[in-house]
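Asker: Numbering (the working numbering), first residue to last: 24 to 124.
#1: Since residue 93 and residue 118 are thought to touch, with beta carbons under 8 Å apart, how far apart are those beta carbons, to the nearest angstrom?
#2: Taking the runs of the alpha helix (DSSP H) that are 4 residues or longer, which of them lie wholly in the stretch 28 to 78?
#3: By the three-class DSSP mapping on this structure, what secondary structure does residue 101 have?
#4: How would you call residue 112, buried or exposed, if buried means at least 16 neighbouring beta carbons within 10 angstroms?
#5: From residue 37 to residue 89, what does the alpha carbon distance come to, in whole angstroms?
Shown next as structure tokens:
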């Protein structure tokens, strides 16, 4: 059985910022959701320099949903330049680890 950190469980059970973001100024997607595969969509709203809001939609395992949730928290309030440097290591650190496949 896969063991998840309390942070992963919390973000899976109580995801932050789920749903579509009307009037998003940027968006990204991983996967395509076909045949039950992973699909994560992140949308942001930004002013000239800062991410002011971020939302996600995710269809996948609990770790994927938790990762999308924490990603929105990490993006909000960041400069656009800093948002571009957000990587999987920072997401994993925020969740205090993810299980190995």
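Even for Gly, the Cβ is constructed at its ideal location relative to N, Cα and C.
Answerer: Based on what the coordinates show:
#1: Contact between residue 93 and residue 118 holds: their C-beta atoms lie close to 6 Å from each other, under 8 Å.
#2: You should have 29 to 36.
#3: Of the three classes helix, strand and coil, the one that applies to residue 101 here is coil, per DSSP.
#4: Burial call: exposed.
#5: Looking at the two C-alpha atoms, the distance is approximately 9 Å.
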